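Please read the structure below before turning to the comments.
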Amino acid sequence: LFKDKVVLDIGCGTCILSMFAAKAGASKGMLDSLIVARDRLLAPDGIIAPSHCRLLFAAIEDDELFNDTFNFWNDVY
Numbered sequence: 006l007f008k009d010k011v012v013l014d015i016g017c018g019t020c021i022l023s024m025f026a027a028k029a030g031a032s033k034g035m036l037d038s039l040i041v042a043r044d045r046l047l048a049p050d051g052i053i054a055p056s057h058c059r060l061l062f063a064a065i066e067d068d069e070l071f072n073d074t075f076n077f078w079n080d081v082y
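Given below as structure tokens:
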């Protein structure tokens with residue numbers, strides 16, 4: 006399916022680069038860049054895989070998890 010195709014990877018993995026960018030004041034998302042890349046580079050019969058995604062959210066409160074996960078970035082070094 007992907008052999009000899011151009012692939013644009015927009016995955017964020019651990020989100021560490023996104024977190025650094027946000028902490029540095031970034032306020033621009035990348036969805037518009039994906040749409041421009043799709044319009045300019047995707048062949049008429051090309052596909053974007055995956056073509057759909059689903060985000061699930063749940064309202065929770067866990068101070069220990071929050072401190073371990075987010076407050077860590079206040080003093081990385």
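Just so we're on the same page, the working numbering is the position in the sequence shown counted from 1, plus 5.
We put the CB at the ideal spot given by N, CA and C, even for glycine.
The structure presented is a predicted model; accordingly, all values stated were derived computationally and were not measured.
Unbroken alpha helix (DSSP H) run spanning residue i, endpoints
i     : result
Gly71 : The displayed chain sequence assigns Phe, not Gly, to residue 71. Element bounds for Phe71: Asp68 to Thr74.
Which listed residue (the options) has its alpha carbon closest to that of residue i
i     : options                       : result
Glu66 : Ile40, Trp78 and Thr74        : Thr74
Ile53 : Phe77, Asp80, Ala64 and Leu39 : Leu39
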